[in-house]
Structure formats: structure tokens, C-alpha cells
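The letter at position 336 of the sequence shown is residue 344 when you use the working numbering, and the numbering goes up by one with no holes.
What follows is a single structure, written as C-alpha cells, with notes after it.
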Amino acid sequence: MTTTSTTVPRIPFPDLAARIDGALILPTDDEFPHAAQAWNLAVPQRPRAVLHARTAADVVHAVRFAIEHRLPVTAQPGGHGATTALDEALLIRTSALDDIWIDADARVARVGAGVKWGQLQSALDGTGLTGMLGSSPDVTVVGFCLSGGLSWFGRAHGTGAASLRAVELVDAAGTHRWVDDSTDASLMWALRGGGGEFGIVTAVEIALVPAPELAGGRLLFPVEDAPRVWRAFAEVTTVAPRELTLFASVLHFPPIPELPEEIRGRSFCAVDAVLLGGTAALEALLRPIAGAGTVLRSTIGPLRPSTIGDVCEEPVDPSPALTGSGSLVSLDDEVLTALLDRVSDPACGLMQAQVRHLGGAFRDDPARPAACGRVEAEYMAMMLAMAPVPEAIEPAQAAIDAALDILKPWHGGPLPLSMLGHHDGADIAFAPDTLRRLRDVKESTDPRCVVRGNFPVHGSPAIR
Ligand SMILES: Cc1cc2nc3c(=O)[nH]c(=O)nc-3n(C[C@H](O)[C@H](O)[C@H](O)COP(=O)(O)OP(=O)(O)OC[C@H]3O[C@@H](n4cnc5c(N)ncnc54)[C@H](O)[C@@H]3O)c2cc1C
9 MTTTSTTVPR IPFPDLAARI DGALILPTDD EFPHAAQAWN LAVPQRPRAV LHARTAADVV
69 HAVRFAIEHR LPVTAQPGGH GATTALDEAL LIRTSALDDI WIDADARVAR VGAGVKWGQL
129 QSALDGTGLT GMLGSSPDVT VVGFCLSGGL SWFGRAHGTG AASLRAVELV DAAGTHRWVD
189 DSTDASLMWA LRGGGGEFGI VTAVEIALVP APELAGGRLL FPVEDAPRVW RAFAEVTTVA
249 PRELTLFASV LHFPPIPELP EEIRGRSFCA VDAVLLGGTA ALEALLRPIA GAGTVLRSTI
309 GPLRPSTIGD VCEEPVDPSP ALTGSGSLVS LDDEVLTALL DRVSDPACGL MQAQVRHLGG
369 AFRDDPARPA ACGRVEAEYM AMMLAMAPVP EAIEPAQAAI DAALDILKPW HGGPLPLSML
429 GHHDGADIAF APDTLRRLRD VKESTDPRCV VRGNFPVHGS PAIR
């Protein structure tokens, strides 16, 4: 099957299909719309073709083909971080690259580029170790770490990016390489949080952290309790040990039949917690928060590595969710009141307004040199609005922007790429000198911009 276009030269895709073990799906194929669709259903994607890689060798063939035919190439395992930057690219899906290898004694895991955090965490049950995952078990280890990665354990151990020990990738010359700090320090620095445009990654090696005991869960309150619960959250986070991470949310569930009756059309306030420690210690730390309102439901209890991903009860199925984030130097009474005034009413247009506690080791020098560096903010706020139909995108984005505008006087510096909304640019995730350095690495490793990430450091350049 060949495709032709009036704007782009004819690409001999059948030649590529003949070389790979996986599958190549073209716009003329019935399954193309599904194959091209990102996890985030609100972001339309128009890749040139979709390649389901079965082996790392397939990725090598894909990148060499892209170089030969001046076609941008990108990897998107699922599309939680989808943007429109991959339009017209050869899109590589990596889910079949699912090898997991763990050396518990050395506290190291090596995982294929398709491995989701939930898969790795299940393999870690019983080892006394955890990876540096965030709230969703459904995002990949590779996508998370390349994008910075704010983990439940970041207050104790830094970013997911800094946990990257080594990366196996196909570079923009089509060479399959193992990269670490000793073989290519500047590329390794860029891979730690600089995004997905420094090569197509086939596997990574990450550091694991000790977690002999884990506890966590959600406290759910009526939304009317939010002012007292969020104030208690602010107080507890001021003195929290690094082992404790808390998120406070206001949640507005739409009145749709797909939702269970007890939450359908209702609003709540929630505090989510994970502790590197036991349940009794967590309950003691949470006592001021639990006492600040009427606890409707508590899931606080012991966790295993494999159940950390359940704490926030986030959707795993594809969703039309728009998000936007802002950093905060502090969570004083003024910002708390202003934010809650905006987000407590379901008419605000948001489904979720969440404040996450950062600080701790996020602000230390990273364990390994990382483009996402230190995260200076003490808190971050994340707004989420649903856009199930295209006409809903504009009001959803307006609701997000209005809530984030309130936070501007408390801005606490850049947040990693993993926290950007789909229409944001890489320039807001990095200080100017870091962005310059990332552009230098990009220029020296991929002068023709063959490899495309979701947040290109040069904007969205055409292949040269
Ligand atoms: C429900 C939900 C919860 C989240 N929670 C958190 C959280 O707690 N903390 C946090 O930091 N982030 C969080 N995120 C954001 C998420 O970590 C980022 O969007 C991340 O990039 C997702 O990675 P992915 O591979 O799953 O997604 P994708 O959208 O498939 O990939 C994202 C990008 O990563 C790069 N990439 C992925 N694989 C490769 C590869 N093999 N080679 C080269 N580049 C590659 C590409 O640039 C790609 O566009 C959350 C997102 C969602 C939807």
C-alpha cells in the first residue's frame, strides 16, 4: 500500500513494512484512526503512519527509513502526554517492548520502552523496593522519566528523570546505542527530563528506592469542607517529613450514567497520601486533616508497590482530558482562599483542581545530572477539565486558564515537561540557560530534527 499527497513527497512505506517484524498501519487502512488516536482523546493526531514495533530492530529500521526519506519520527507509547507536535511524523508505538529485568540487590530495574509503571510495580511486589512512579500506573516508565516525572517519592528521592541510570536508544543517525554518564554525559543529561527528541528509546535502566513499608490512600470529604481540609493540608505539609507526599483536590463529577451513583453529579474534596512508612504512622500524620471535616470514605491503609497506582483513582481508559499546571512558592491563606473561591463551584468548568506538595528532595541537587534539574516550587496546582466533544475544548481550556491565572503572583518557577498542558511549549518548563543547552544537544545530535518529541525544544520544526 502506498500513500500519495500533494504537499509531501511519496514515501515508499511498503519497503519499511517488508523490513519489520511488527505492523505498519497507513491512513488507507481501516484501523488507522484507532492506531493514530492518543490516550488523550481531546488531542487529535495526524501522523503519517503508525508502526507497532515488535523488537528494538524494528525501531532501528523505522529511524533509518525516516532519515532516508526525510520524515520526522516520534515515539508515543500511549499518548497521556499527547500534543500536536507529531503531526506528519512516523509514529512508533512501543507497547510490545515489554521486557522487565530487576536486580533487587543492586536496586536497579531495566525495562523496555513499552513498560507501564503498573507493570513494573507489580514485578516489584515483595522486593521491598519501589520505582519512582507518579499518580498514574498507566503511563510508561520511559515517557515519565524522559519528561521529568514528579513521583510520590520525589520529596524523598528527587525526580523520575534523575533515577535514570542509562538509556538504550536509536539515535538520529540510526545507530542503536547504550548511553550512560560515562559514554555520553551531555546526551544523558538531556534525556533526564529534556523530553523525547534525543533519540527513540528502546529500553532504560532506572534506580529503585527502598520501600520496606508503604501506606497510603484517599480521604474523601464533602466539598463544603474544602476550606478547612485544605487549610489543614497546608499546615500538615509545612511540617511533613520527606517520606510523606500529599495531594489535596476538589472534584466535580459530571452527571453521566457511566459514573457510579454515589459520585454521579456530585462534588467532593479529597486528600491523597502516600508514605514511605507504615499505616499507623500515616494515620497519625493525617489526623489534623481527617479531623478538619466529615470523612465520607477512607482508603488509607497498607500499600504494595503494585497498589500505589490505585491511590488517586485516576482513569486508565482513554479520556478527553485537558490539563494545565502552575507552580507555587507557598500555600498561604490568600492563595488558598482565592483558589477555592474559583474552583469549589461545579460551574467553574473543571472536573478537578489539585494541589500537590513538592519541596524536599525535589529541591536538592539531582542524584544524577538532569535537564529538569531542581524543582524549586513548594507546591504545584494541576487543573483538569473534560472536553468530550471538540466544541468543549475552548471552554475547558478557559476554565483551566482562569484557575491558573489566580496562582500567578505565587509562581514558584518551572515545572517539568510531564506537567505541561497539550498546548504549552517546552520554553515554560526550563530556565533560559537550560533551554539553550538542550537546543545545543539537539543541534549536535540531530541537526536535521529527525526525532520529534511532544514538546520540541525548538518549537515544532520541519525536518531539514
Ligand atoms: C492520569 C495522568 C496522571 C499523571 N500523573 C503524573 C504524575 O503524577 N507525575 C508526572 O510527572 N506526570 C504525570 N502525568 C504526565 C505523564 O507522566 C506524561 O504525560 C508522560 O510523558 C506520559 O508518558 P507516556 O509514555 O505514558 O505518554 P506518551 O504520551 O505516550 O509519551 C509522552 C512523550 O514521551 C516521549 N517518549 C515516550 N516514549 C518514548 C520513547 N520510547 N522514545 C523517545 N521518546 C519517548 C515522547 O516525546 C512522547 O511524546 C500524568 C498523566 C496522566 C494522563
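Cβ atoms here follow ideal geometry from the backbone N, Cα and C, with glycine treated the same way.
Here the structure is a predicted model, which means the values were calculated and not measured.
Per DSSP, which residues does HIS184 bridge with? Please list them. For the purposes of this step, residue 184 is taken as residue 176 along the sequence shown, with counting starting at 1. Answer is VAL178, bridged to HIS184.
Could you check if LEU98 belongs to the surroundings of ligand 1, using beta carbon to heavy atom distance under 8 Å? Translated into positions along the sequence shown, residue 98 becomes position 90. Result no, Cβ not under 8 Å from ligand 1.
Relative to the alpha-carbon of PRO41, which residue among ALA65, GLN405, LEU99 has its alpha-carbon at the smallest distance? The residue you call residue 41 lines up with position 33 of the sequence shown. Selected option, being the one with the closest Cα: LEU99.
For SER159, is the beta carbon positioned less than 8 Å from some heavy atom of ligand 1? Taking the sequence shown and counting its residues from 1, the one referred to as residue 159 is at position 151. For ligand 1, at least one heavy atom lies less than 8 Å from the Cβ of SER159.
Given a cut-off of 9 Å, decide if VAL58 and ARG101 are closer than it, judged by their beta-carbon atoms. If you number the sequence shown from 1, residue 101 lands on position 93. If you number the sequence shown from 1, residue 58 lands on position 50. Yes; because the gap between Cβ atoms is below 9 Å, this pair is in contact.
Got a sec, what are the start and stop residues for the alpha helix (DSSP H) THR287 sits in? Translated into positions along the sequence shown, residue 287 becomes position 279. Segment 287 to 298, the alpha helix (DSSP H) holding THR287.
Whole-angstrom C-beta distance between ASP189 and ARG456, which should lie under 8 Å: Indexing the sequence shown from 1 puts residue 456 at position 448. Indexing the sequence shown from 1 puts residue 189 at position 181. Actually they do not touch by this definition, with Cβ atoms about 26 Å apart.
Following the continuous beta strand (DSSP E) through MET390, name the residue where it begins and the one where it ends. Within the sequence shown, the letter at position 382 stands for residue 390. Run containing MET390: 387 to 394, per the beta strand (DSSP E) assignment.
Rounded straight-line distance, which links the Cα of VAL149 to that of GLU76: As a working note, residue 76 is residue 68 in the sequence shown. As a working note, residue 149 is residue 141 in the sequence shown. Just so you know, the alpha carbons of GLU76 and VAL149 end up roughly 30 Å apart.
With respect to the beta strand (DSSP E) encompassing CYS153, which residues constitute its N-terminal and C-terminal limits? Numbered from 1 along the sequence shown, position 145 holds the residue referred to as residue 153. Bounds of any beta strand (DSSP E) do not take in CYS153; it lies within the alpha helix (DSSP H) bounded by 149 to 154.
Give the DSSP-derived three-state secondary structure of LEU34 in the structure shown. Along the sequence shown, read from residue 1 onward, the residue named residue 34 stands at position 26. Three-state result, LEU34: coil.
Assuming VAL237 contacts ARG173 under a Cβ cut-off of 8 Å, what Cβ separation, rounded to an integer in Å, is found between them? Position 229 of the sequence shown, counting from 1, holds the residue named residue 237. Position 165 of the sequence shown, counting from 1, holds the residue named residue 173. Taking a contact as a CB-CB distance under 8 Å, the pair VAL237 and ARG173 does not count as one, their CB atoms being some 39 Å apart.
Grouping DSSP H, G and I as helix and E and B as strand, with all else coil, what is TRP160? Your numbering for residue 160 matches position 152 in the sequence shown. Looking at TRP160 - three-state DSSP - the assignment turns out to be coil, as it is neither helix nor strand.
What residues in its chain sit with their C-beta under 8 Å from that of MET359, if we drop five residues either side in the sequence? Residue 359 sits at position 351 when you count from the first residue of the sequence shown. Correct list, in chain order: LEU259, HIS260, PHE261, PRO262, ALA329, LEU392, ALA393, MET394.
Three or more beta-carbon pairs under 8 Å between the stretch 418 to 431 and the stretch 331 to 339, yes or no? Yes, since at least three Cβ pairs between the stretch 418 to 431 and the stretch 331 to 339 fall closer than 8 Å, the two stretches touch.
Opposing strand residues paired with PRO230 [DSSP bridges]: If you number the sequence shown from 1, residue 230 lands on position 222. PRO230 is bridged to PHE276.
Please report how far the alpha carbon of ALA169 lies from the alpha carbon of SER159, in whole angstroms. Counting from 1 along the sequence shown, the entry for residue 169 is found at position 161. Counting from 1 along the sequence shown, the entry for residue 159 is found at position 151. Rounded to whole angstroms, the gap between the alpha carbons of ALA169 and SER159 is 10 Å.
Is it buried or exposed, TRP109, if we count other Cβ atoms within 10 angstroms and call 16 or more buried? If you number the sequence shown from 1, residue 109 lands on position 101. Label assigned to TRP109: exposed.
Answer yes or no: do THR167 and ALA223 have a C-beta to C-beta separation smaller than 9 Å? As a working mapping, residue 167 is identified with position 159 in the sequence shown. As a working mapping, residue 223 is identified with position 215 in the sequence shown. Going by C-beta atoms, THR167 is not nearer than 9 Å to ALA223.
What I want to know is whether the C-beta of LEU424 ends up closer than 8 Å to one or more non-hydrogen atoms of ligand 1. What you label residue 424 is simply residue 416 of the sequence shown in a count that begins at 1. Position check: residue 424 holds Pro in this sequence, whereas Leu was assumed. Inclusion of PRO424 in the 8 Å shell around ligand 1 follows from its C-beta lying nearer than that to a non-hydrogen atom of the ligand.
In this structure, how does DSSP classify PHE438 when only helix, strand and coil are distinguished? The residue given as residue 438 occupies position 430 in the sequence shown. In this structure, PHE438 counts as coil in the three-state DSSP scheme.
Should THR323 be listed as close to ligand 1, given that the test is whether its C-beta is under 8 Å from any heavy atom? The residue labelled residue 323 in the question sits at position 315 within the sequence shown. It is Pro, not Thr, that sits at residue 323 in the sequence shown. The answer is yes for PRO323.
List the endpoints of the continuous alpha helix (DSSP H) containing VAL351. What you label residue 351 is simply residue 343 of the sequence shown in a count that begins at 1. Here the alpha helix (DSSP H) through VAL351 covers 341 to 351.
Closest Cα partner of GLY285 within the set THR307, ALA346, PRO218: In the sequence shown, the residue the question calls residue 285 occupies position 277. Comparing Cα positions, the closest option is PRO218.
Buried or exposed by the 16-neighbour rule on C-beta atoms within 10 Å, applied to SER426: Reading the sequence shown from its first residue, position 418 is the one you call residue 426. Buried.
At a threshold of 8 Å, does LEU259 count as lining ligand 1 (C-beta to nearest heavy atom)? Locating residue 259 in the sequence shown gives position 251, where the first residue counts as 1. Not under cutoff, so the answer is no.
Reduced DSSP secondary structure (H/G/I, E/B, other) of SER144: Here the question's residue 144 lines up with position 136 in the sequence shown. Three-state DSSP puts SER144 in coil, outside helix and strand.
Under 6 Å Cβ to Cβ from PRO145, same chain only, skipping five residues before and after it: list those, please. Against the sequence shown, residue 145 aligns to sequence position 137. Closer than 6 Å at Cβ, skipping near neighbours: TRP125, GLY126, GLY317.
Use the C-beta contact count for THR442: other C-beta atoms within 10 angstroms, 16 or more gives buried, fewer gives exposed. Here residue 442 refers to the residue found at position 434 of the sequence shown. Buried: at least 16 other Cβ atoms inside 10 Å.
VAL282 vs LEU227 beta-carbon contact at 9 Å: As a working note, residue 282 is residue 274 in the sequence shown. As a working note, residue 227 is residue 219 in the sequence shown. Not a contact, by the Cβ cut-off of 9 Å.
For LEU94, is the beta carbon positioned less than 8 Å from some heavy atom of ligand 1? What you label residue 94 is simply residue 86 of the sequence shown in a count that begins at 1. Flag set: Cβ of LEU94 near ligand 1.
Verify the contact flag: LYS124, CB atom, against every heavy atom of ligand 1, threshold strictly below 8 Å. As a working note, residue 124 is residue 116 in the sequence shown. It does: the Cβ of LYS124 is within 8 Å (strictly closer) of some heavy atom of ligand 1.
Identified DSSP bridge partners for ARG305: Here residue 305 refers to the residue found at position 297 of the sequence shown. DSSP, once it has assigned bridges, lists LEU228 as partnering ARG305.
May I ask whether a heavy atom of ligand 1 can be found less than 8 Å away from the beta carbon of HIS88? Taking the first residue of the sequence shown as position 1, residue 88 is located at position 80. Yes, since a heavy atom of ligand 1 falls inside the 8 Å radius drawn around the Cβ of HIS88.
The stretch 424 to 439 touching the stretch 87 to 98, judged by at least three CB pairs closer than 8 Å: yes
Taking buried to mean at least 16 other C-beta atoms within 10 Å of its own C-beta, is THR315 buried or exposed? Locating residue 315 in the sequence shown gives position 307, where the first residue counts as 1. THR315 is buried by the Cβ-count criterion.
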